[in-house]
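Position one of the sequence shown corresponds to residue 1 (UniProt numbering), numbered consecutively onward.
Backbone N, C-alpha and C define an ideal beta-carbon position, used for all residues, glycine too.
No experiment lies behind these values; they were computed from the predicted model shown.
Just below is one structure, and these are the notes that go with it.
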Amino acid sequence: MKRFIRESAAIVEVELIKLIRDPTELVSRAVQPVLWLVVFGQVLAQVRGIHTGQLSYLAFITPGILAQSVLFSAIFYGIAVIWERDLGVVHKLLASPARRSSLVFGKAVAAGFRGLVQAVVIYLIALVMHVSLRLDPLAIFAVLASVMLGSGIFATFSLIIACIVKTRERFMGIGQLLTMPMFFASNAIYPLDIMPSWLRVIAQINPLTYLIDALRGLMITGGENVHGYGVDFSVMFAVFAVLLFVAVRLYPTLAE
Numbered sequence: 001m002k003r004f005i006r007e008s009a010a011i012v013e014v015e016l017i018k019l020i021r022d023p024t025e026l027v028s029r030a031v032q033p034v035l036w037l038v039v040f041g042q043v044l045a046q047v048r049g050i051h052t053g054q055l056s057y058l059a060f061i062t063p064g065i066l067a068q069s070v071l072f073s074a075i076f077y078g079i080a081v082i083w084e085r086d087l088g089v090v091h092k093l094l095a096s097p098a099r100r101s102s103l104v105f106g107k108a109v110a111a112g113f114r115g116l117v118q119a120v121v122i123y124l125i126a127l128v129m130h131v132s133l134r135l136d137p138l139a140i141f142a143v144l145a146s147v148m149l150g151s152g153i154f155a156t157f158s159l160i161i162a163c164i165v166k167t168r169e170r171f172m173g174i175g176q177l178l179t180m181p182m183f184f185a186s187n188a189i190y191p192l193d194i195m196p197s198w199l200r201v202i203a204q205i206n207p208l209t210y211l212i213d214a215l216r217g218l219m220i221t222g223g224e225n226v227h228g229y230g231v232d233f234s235v236m237f238a239v240f241a242v243l244l245f246v247a248v249r250l251y252p253t254l255a256e
């Protein structure tokens with residue numbers, strides 16, 4: 001276990017150093033949630049057909065926009081792995097004595113730190129827009145833990161896609177194909193109970209739905225947690241474990 005932690009921490013350190021040296025991606029990713037909250041949220045807040053209970057529409061979508069930022073940032077994480085393959089980095093890592101599980105888990109944790117930056121941006125925007133946030137330390141810690149877990153899920157899923165398609169062009173096409181359907185087939189911008197039955201079924205098997213459900217209860221004062229935190233986190237941990245297992249098995253094939 002100590003060896004696993006040490007090797008994973010080394011991968012996280014390398015990824016964070018790369019991020020600090022070139023934070024361009026984080027800055028560009030921060031623009032999108034600003035547009036969604038300031039423009040999209042303000043406009044749809046005037047639509048009376050979306051029932052959000054006691055919450056204002058802006059408060060309702062704030063956790064959804066955070067989850068969207070996590071999804072969009074993490075789902076393209078695999079393209080960096082393809083770059084590493086082309087530069088020979090993956091071959092060197094696979095030739096090292098490090099366990100494959102450490103390599104994959106370290107990258108998932110590193111993606112989680114990227115998600116934390118998105119969370120800080122969303123909190124700041126929401127405070128400026130007077131969204132009623134839960135600011136007690138325990139709730140904030142749980143939100144950050146949720147963000148890291150969600151980032152790990154989608155980054156690992158991204159790594160699996162990278163191992164299968166192996167080229168940047170195919171990866172970009174598949175990544176763009178998956179992100180918007182996952183976002184709209186969730187409870188990010190409208191409640192589950194107003195969805196048609198077929199879409200509700202898809203939303204119930206979408207891990208993004210459970211991340212948003214947890215965030216809505218933890219972030220927003222009076223926010224409703226529909227499924228219960230136990231269900232939300234159990235589903236997310238189970239999905240992460242399965243994806244991690246698959247990614248560990250596929251990672252060596254990336255070098256082929």
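The continuous alpha helix (DSSP H) containing A9 extends over residues K2 to R21. Note on geometry: alpha-carbon atoms of A59 and A241 lie some 31 Å from one another. As the crow flies, the alpha-carbon of K18 is around 44 Å from that of S197. Short of 7 Å from the beta carbon of V143, and not among the five residues preceding or following it, lie these beta carbons of its own chain, in chain order: A119, L215, L218 and M219.
In the DSSP assignment, Y123 falls within the unbroken alpha helix (DSSP H) covering R100 to V128. Restricting attention to V147, A203 and G112, the CA atom closest to the CA of M182 is found in A203.
Between F184 and I79, the gap from beta carbon to beta carbon reaches 7 Å or more. Assigned with DSSP and collapsed to three states, L135 falls in coil, not helix or strand. Listed in chain order, the alpha helix (DSSP H) elements of length 4 or more contained wholly in the segment 35-97 are 57-75, 77-87 and 89-95.
Taking 4 residues as the shortest admissible run, the segment 202-233 contains the following complete alpha helix (DSSP H) segments, listed from N- to C-terminal end: 207-219. Non-local C-beta neighbours of G115 in its own chain, meaning closer than 8 Å and more than five positions away in sequence, comprise S69, V70, S73, A74, V147, M148, G150 and S151, ordered along the chain. In the three-state scheme derived from DSSP, where H, G and I count as helix and E and B as strand, T167 is classed as coil. Counting only the Cα atoms, F4 lies some 38 Å from V34. Taking a cut-off of 8 Å for Cβ pairs, the segment 102-112 and the segment 4-16 touch, as three or more such pairs fall below it.
Straight across, the Cα-Cα distance linking R200 with D193 is about 8 Å. Scanning its chain for C-beta atoms nearer than 6 Å, with the 5 sequence neighbours on each side dropped, one finds around T156 the residues A108, L243, L244 and A247, in chain order. Taking C-beta atoms as the reference points, P63 and I212 count as a pair closer than 7 Å.
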